[in-house]
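Accompanying notes for the structure given below.
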Amino acid sequence: MAQKSANVVARIEPEIKEQAEAILADMGISASLGINMFYHQIIQVHGLPFTPTARSSRPKSLEEMTGEELDQRLTVGLDQAMENQGSPAEEVIAKLRARSRTDT
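With my numbering as the guide, the letters of the sequence shown map in order to residues 14 to 117.
Structure representation (structure tokens):
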């Protein structure tokens with residue numbers, strides 16, 4: 014007789030497990046059902062049901078940004094300045110100098 018279920022054993026960070034299971038519980042879905050749904054999506058799309066990407070380790074240069082990206086970054090900066098969330102220029106320069114000494 015064919016087995017009706019199989020076990021999946023995976024090691025994940027406890028905080029990630031708790032957060033994911035809490036979200037699934039809010040949706041009325043058990044962790045087992047969530048994992049089963051994930052596996053079904055893998056089969057359906059013949060791969061991961063999302064596109065994994067590597068995050069850039071450095072910020073984009075102006076030449077690499079679109080006009081829209083630059084506008085968005087400038088808007089965030091302006092909003093932060095209006096809410097007094099910035100740091101004095103002298104402090105920022107001192108941090109950059111200290112970092113450049115340790116990077117060499």
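Cβ coordinates follow ideal geometry from the N, Cα and C atoms, glycine included.
Between Ile-48 and Val-22, the C-beta gap is not smaller than 8 Å, which leaves the two residues out of contact.
The alpha-carbon separation between Ala-35 and Ser-43 amounts to approximately 9 Å. For the pair Pro-65 and Gln-54, the CB atoms are not nearer than the 8 Å cut-off. DSSP places Thr-88 inside the alpha helix (DSSP H), whose first and last residues are 80–95.
Between the alpha carbons of Glu-81 and Gln-93 lies a distance of about 18 Å. Taken through DSSP and simplified to helix, strand or coil, Met-40 comes out as coil. Note that the C-beta distance between Leu-87 and Leu-75 is not below 8 Å.
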